[in-house]
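The structure appears right after this line, and notes come after that.
Written as structure tokens, this is what we have:
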């Protein structure tokens with residue numbers, strides 16, 4: 204499962220990040236083992252809002268699709 208298709212208001216653990224944004228995602232805190240909560244999805248499903256380490260981080264849906272998570 205990826206953050207792009209994760210259910211809002213559930214807690215997930217990051218398994219891995221893929222693609223050309225992997226380094227930037229790790230810098231933002233999306234590292235293996237990190238806990239993340241999906242707080243919302245834009246009405247057009249173009250963005251995913253997450254809560255990570257006490258910060259709200261918005262990701263484009265295409266970037267969120269590169270973050271693999273598990274419940």
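Numbering (the working numbering), first residue to last: 204 to 274. Note that beta-carbon positions come from the ideal geometry of N, C-alpha and C, so glycine has one too. As the structure is a prediction and not an experimental result, all values here were calculated from the model.
### Query
Are the beta-carbon atoms of residue 239 and residue 272 separated by less than 8 Å?
A distance below 8 Å separates the beta carbons of residue 239 and residue 272.
### Message
Checking 8 Å against the spacing of the C-beta atoms, do residue 252 and residue 233 come in under that value?
### Response
Their beta carbons are not under 8 Å apart, which means residue 252 does not touch residue 233 by this criterion.
### Query
Alpha carbon to alpha carbon, how far is residue 217 from residue 247?
Approximately 24 Å, taken between the alpha carbons.
### Paired residues, beta bridge with residue 219 - DSSP
271.
### Query
Helix, strand or coil: which one does DSSP assign to residue 277?
This structure cannot speak to residue 277, because the chain is shown only from 204 to 274.
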